[in-house]
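Asks: Going by the working numbering, the sequence shown opens with residue 11, and the numbers climb by one from there.
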Amino acid sequence: VDVMPTIGEEKYSEDNRIPERDQRGLPEEDALRRDLTIGALLLRVQRSAAAGDGSDAALEYELFDFYGGVDDICKGMLRSPCPVNKTVEEVAEIVLRTDEEKELAKILKIKELPPEEAVQILWWSKVLIDDPLRICRAFRFAAKFKFELHPAFWMAVPFALEPLRTKVAGSRKFTEYHKIGGYGFKACSDFFELAFSRTFGAEGSLRLASALLGGQDGKGQARMLSQVKSFNVDVFRELAETVKPQGTFDGVELLGELMAAAVAAAEFEGVEDAASQLTKACDGMCVSNAMREAGLSPWRAYAAMMSEPPLPNSLDCRMGSQTWWGRLG
11 VDVMPTIGEE
21 KYSEDNRIPE
31 RDQRGLPEED
41 ALRRDLTIGA
51 LLLRVQRSAA
61 AGDGSDAALE
71 YELFDFYGGV
81 DDICKGMLRS
91 PCPVNKTVEE
101 VAEIVLRTDE
111 EKELAKILKI
121 KELPPEEAVQ
131 ILWWSKVLID
141 DPLRICRAFR
151 FAAKFKFELH
161 PAFWMAVPFA
171 LEPLRTKVAG
181 SRKFTEYHKI
191 GGYGFKACSD
201 FFELAFSRTF
211 GAEGSLRLAS
221 ALLGGQDGKG
231 QARMLSQVKS
241 FNVDVFRELA
251 ETVKPQGTFD
261 GVELLGELMA
271 AAVAAAEFEG
281 VEDAASQLTK
291 ACDGMCVSNA
301 MREAGLSPWR
311 AYAAMMSEPP
321 LPNSLDCRMG
331 SQTWWGRLG
């Protein structure tokens, strides 16, 4: 029995993350289309010619690792497969399909990098552009296995931020985040901190959060976070500590509370306040009422204290365009 798939080249349209697949590919081609090397390991199982008793002992196993997946597992590293026999120019010809992508590659000075590094970044950007949900999956696997994302990931992500906003349904993003919420407080808080604090683009003007959090609501309307102008990591960590679960926890509610903490610690473009930003993101991801209520409940509590003078040892937290008093400990 040969359980090794042999799907070859995948072709993606600009407005769809579901590919057309060539079923006549080689094993190396099948492994190359995977989004991470840890998922590009192929196993051939066949019956031994010398044994005929039908037992498991009569089976032979052969592992195919074309792109260094075993080594990455040993290192605790998440990395995409990339071609091993193509030059930077050949990969750039395949990957950089628009004027915007070519200009971004110039801004990032990718072709000035060592060839192996440049090929890794360019191919990973193709992987993410083809299916931007892979950005969310990479965060999920990093949280699940406590693996590190290869540095090339952060160079590849800017190519796929706009496709992530426009090609991926918010409900599909939320499916990935729901799983992250189940991995516990640290995994979840690390995810939101990265989403809001990591900057991209010219002069660090872009952040992941506005592409990660939101999508099309139930009526097909785009509902996304506005672009994040700034993010106060210290305030986020203080707020996050106030919702840190003791003992058992509900992953969905934890997601809502920590997303609220991140939104509260951010300043956005436009005039909408923090609660409105949170509501937009929840609408766009079609989240459950439990997550929405968990996220909005801190604002209701803080709003109730608005008429009270600040108490000793309270923290003045910046929430959107308004200042709220919240007792944090």
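Think of the CB as a built atom: it goes at the ideal place given N, C-alpha and C, for glycine as much as any other residue.
Does the beta carbon of Val245 fall short of 7 Å from some heavy atom of the ligand COA?
Replies: Here there are no bound small molecules, and the ligand COA is not part of this structure.
Asks: Alpha carbons only, please: which of Lys154, Glu99, Phe278, Ala219 is nearest the one belonging to Gly86?
Replies: What you label residue 86 is simply residue 76 of the sequence shown in a count that begins at 1. Looking at the Cα atoms, Lys154 is the closest of the given residues.
Asks: Which one of Lys96, Ala250, Phe151, Ser199 has the shortest CA to CA distance from Thr47?
Replies: Counting from one through the sequence shown, the residue named residue 47 turns up at place 37. Of the candidates Lys96, Ala250, Phe151, Ser199, the one whose C-alpha sits nearest the C-alpha of Thr47 is Phe151.
Asks: Pick helix, strand or coil for Ala311, following the three-state DSSP scheme.
Replies: By 1-based counting over the sequence shown, the position of residue 311 is 301. In this structure, Ala311 counts as helix in the three-state DSSP scheme.
Asks: Within its chain, find whatever has a CB closer than 7 Å to the CB of Asn323; leave out the 5 residues flanking it on each side and keep chain order.
Replies: Taking the first residue of the sequence shown as position 1, residue 323 is located at position 313. In this predicted model, Asn323 has a pLDDT of only 49, less than 50, meaning its place in the structure is not dependable enough to derive any value.
Asks: What is the rounded straight-line gap between the Cα of Gly192 and the Cα of Ile83?
Replies: Sequence index remark: in the sequence shown, residue 192 carries index 182 (1-based). Sequence index remark: in the sequence shown, residue 83 carries index 73 (1-based). Distance between the alpha carbons of Gly192 and Ile83: 22 Å.
Asks: What is the DSSP secondary structure of Glu279, counted as helix, strand or coil?
Replies: Residue numbering aside, residue 279 sits at position 269 when the sequence shown is read from its first letter. Residue state, collapsed to three classes: coil.
Asks: Under 8 Å, do Ser135 and Ala170 count as touching if we go by C-beta distance?
Replies: Your numbering for residue 135 matches position 125 in the sequence shown. Your numbering for residue 170 matches position 160 in the sequence shown. Taking 8 Å as the Cβ cut-off, Ser135 and Ala170 qualify as a contacting pair.
Asks: So Ala41 and Tyr77 are supposed to be a Cβ contact under 8 Å. How far apart are they, rounded?
Replies: For this step, residue 41 is matched to residue 31 along the sequence shown. For this step, residue 77 is matched to residue 67 along the sequence shown. About 6 Å separates the two Cβ atoms, so the contact holds.
Asks: Counting along the chain, where does the beta strand (DSSP E) carrying Phe74 start and finish?
Replies: Numbered from its first residue, the sequence shown carries residue 74 at position 64. Per DSSP, Phe74 belongs to the beta strand (DSSP E) from 69 to 74.
Asks: How many angstroms separate the CA atom of Glu103 from the CA atom of Phe246?
Replies: On the sequence shown, residue 103 is found 93 positions in, with the first residue counted as 1. On the sequence shown, residue 246 is found 236 positions in, with the first residue counted as 1. Near 42 Å, if we compare the C-alpha coordinates of Phe246 and Glu103.
Asks: Applying the criterion that 16 or more other CB atoms from any shown protein chain within 10 Å of the CB defines a buried residue, is Glu279 buried or exposed?
Replies: Within the sequence shown, residue 279 is the residue found at index 269, counting from 1. By the neighbour-count rule (16 or more Cβ atoms within 10 Å), Glu279 is not buried but exposed.
Asks: Is Val129 near Lys96, with beta carbons less than 8 Å apart?
Replies: Counted from its first residue, the sequence shown places residue 129 at position 119. Counted from its first residue, the sequence shown places residue 96 at position 86. Yes, the Cβ-Cβ distance between Val129 and Lys96 is below 8 Å.
Asks: Whole angstroms is fine: what's the gap from Pro142's alpha carbon to Ala68's?
Replies: Within the sequence shown, residue 142 is the residue found at index 132, counting from 1. Within the sequence shown, residue 68 is the residue found at index 58, counting from 1. So the alpha carbons of these two residues sit roughly 42 Å apart.
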